[in-house]
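The block underneath contains the structure these notes are about, expressed in C-alpha cells.
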Amino acid sequence: MENRSARLTILVDPRKKKLFEEICAAQDLTSSQVIRKLMRQYVIDHAGGRELPDWLSASSTKTTGN
Numbered sequence: 423m424e425n426r427s428a429r430l431t432i433l434v435d436p437r438k439k440k441l442f443e444e445i446c447a448a449q450d451l452t453s454s455q456v457i458r459k460l461m462r463q464y465v466i467d468h469a470g471g472r473e474l475p476d477w478l479s480a481s482s483t484k485t486t487g488n
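Sequential numbering of the sequence shown, starting at 423, is according to the numbering used here.
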C-alpha cells in the first residue's frame with residue numbers, strides 16, 4: 423500500500439485545471455487519483471535501471487488496461 427502523506431504543489435492554468443477536474447469527475451475519479459496514477463506510470467516507464475519496490479510494481483498490474 424502506498425503512503426499518501428506527502429504533499430505536492432503544482433501551478434497550472436486555471437482553465438486547464440477546471441477542465442481536468444470536470445473530466446476526472448465525469449469518470450468518478452478525483453484529480454488526486456488521476457495524478458497519482460499518472461505519476462506511478464511515469465515512474466515505471468522512466469525508471470531506467472532502477473529496481474522498483476514491490477508495492478509500486480504490484481500496483482501497476484491493477485491499472486493495466488485502464
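Don't be surprised by glycine CBs; every beta carbon is placed ideally from N, CA and C.
>> Can you tell me where the alpha helix (DSSP H) holding VAL456 begins and where it ends?
In response: 453–467
> Just how far apart, CA to CA, sit LYS496 and ARG462?
Replying inline: Residue 496 is absent from the model: the chain starts at 423 and stops at 488.
> Should VAL456 and CYS446 be called a contact, given that it needs their Cβ atoms to be closer than 8 Å?
Replying inline: yes
>> Please report the distance separating the alpha-carbon of PRO475 from that of LYS440.
In response: 34 Å
> DSSP state of PRO436, grouped into three classes?
Replying inline: In the structure shown, PRO436 sits in a helix (DSSP, three-state: H, G or I).
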